[in-house]
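Visitor:
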Amino acid sequence: MFLQRHGESTTNLTKIFTCRKLDPCLTKEGRRQMEDVVPYYASQKIGLIITSPSKRAVESAEILGTRLGIRPEIKECLLEVDVGDLEGESERDPVLLRQFFSVVEDWLLHKKDIRFRGGESWSEVEKRLKELDSLMSTGPAIFVGHSTLFAVFLGTRGIAFRHVEELFLPRAGIAKYSPSERNWSMHRGVSESTHKEETR
């Protein structure tokens with residue numbers, strides 16, 4: 055399976071926390087980013103593309119689907135983490151940015167009752183991630199979604215958050231899971247690093 059972050063959106067440019075209330079489209083650069091990853095998938099025998107309902111993810115999935123000849127399916131479980139009161143605020147505000155990372159770091163320590171004020175708790179996100187787990191056995195598939203959801207998903211599988219953060223902060227990052235080897239290959243441009251999944 056492949057986790058594919060969407061391309062650059064308009065609120066990525068303006069550095070605004072974006073989750074559910076805001077639903078931006080891809081920028082011209084974001085569309086180019088998605089076109090650029092198509093060759094990577096051309097030899098992967100992809101049979102399924104599943105996407106978050108958010109416009110930026112759907113547009114990204116449609117670019118891949120058009121080129122690969124696959125109609126994307128939409129799944130609510132791939133929606134971005136609901137950051138509550140932070141949505142619409144500036145990521146350039148150091149206090150707000152620290153609030154964001156504080157919650158994510160607590161989640162990676164399995165503090166399940168911690169939540170974004172006005173948003174989701176880890177327990178609520180975990181329910182969605184279980185559906186994502188169940189979809190991992192569908193064969194070669196691309197899951198198009200969002201940075202925080204994917205970062206938490208990978209982080210709770212023993213991959214250091216710094217590696218996930220480095221991958222998914224740039225738009226259009228890819229993570230590939232190899233069931234036989236139980237590892238994730240993290241792709242960013244032409245570079246690649248591999249991280250073993252821990253058994254918990």
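In our numbering, the protein residues as written are 55 to 254. Glycine included, each C-beta is placed from N, C-alpha and C at the ideal position.
(1) What whole-angstrom Cβ distance do Thr-105 and Ala-96 have, given they're in contact under 8 Å?
(2) Take Lys-75 as the anchor and find which of Leu-189, Lys-230, Leu-186, Glu-143 has the nearest alpha-carbon.
(3) How long is the line joining the alpha carbons of Leu-102 and Ala-195, rounded to whole angstroms?
(4) What's the call for Val-179, buried or exposed, on a 16-neighbour Cβ count within 10 Å?
(5) Assign Thr-72 to buried or exposed, taking buried as 16 or more other Cβ atoms, counted over all protein chains shown, within 10 Å of its Cβ.
(6) Comparing alpha-carbon positions, which option in Arg-59, Val-92, Ser-175, Gln-87 lies nearest Gly-123?
(7) According to DSSP, is Phe-204 part of a helix, a strand, or is it coil?
(8) Give me the residue from Cys-79, Gly-212, Tyr-94 with the minimum Cα distance to His-164.
(9) Please classify Pro-107 as buried or exposed, where buried requires at least 16 other C-beta atoms within 10 Å of its C-beta.
(10) Under a Cβ-count criterion, where at least 16 other Cβ atoms within 10 Å of its own Cβ denotes burial, should Gly-119 be classed as buried or exposed?
(11) Among all the DSSP beta bridges, which residues are the ones paired with Ala-195?
(12) Helix, strand or coil: which one does DSSP assign to Leu-163?
Guide: Looking at the atomic coordinates:
(1) In the sequence shown, residue 105 corresponds to position 51, counting from 1. In the sequence shown, residue 96 corresponds to position 42, counting from 1. Rounded, the Cβ-Cβ distance is 19 Å, inconsistent with contact.
(2) Sequence index remark: in the sequence shown, residue 75 carries index 21 (1-based). Considering only alpha carbons, the answer is Glu-143.
(3) Looking up residue 102 in the sequence shown gives position 48. Looking up residue 195 in the sequence shown gives position 141. Computed Cα separation, rounded: 5 Å.
(4) In the sequence shown, counting from the first residue as 1, residue 179 sits at position 125. Val-179 comes out buried.
(5) For the purposes of this step, residue 72 is taken as residue 18 along the sequence shown, with counting starting at 1. The residue is buried, with at least 16 neighbouring Cβ atoms inside 10 Å.
(6) In the sequence shown, counting from the first residue as 1, residue 123 sits at position 69. Answer by Cα proximity: Val-92.
(7) Taking the first residue of the sequence shown as 1, we reach residue 204 at position 150. In the structure shown, Phe-204 sits in a helix (DSSP, three-state: H, G or I).
(8) Here residue 164 refers to the residue found at position 110 of the sequence shown. Comparing Cα positions, the closest option is Gly-212.
(9) Reading the sequence shown from its first residue, position 53 is the one you call residue 107. Result: exposed.
(10) One-based indexing of the sequence shown puts residue 119 at position 65. When all chains shown are included, Gly-119 counts as buried.
(11) Position 141 of the sequence shown holds residue 195. Leu-102.
(12) Taking the sequence shown and counting its residues from 1, one reaches residue 163 at position 109. Residue state, collapsed to three classes: coil.
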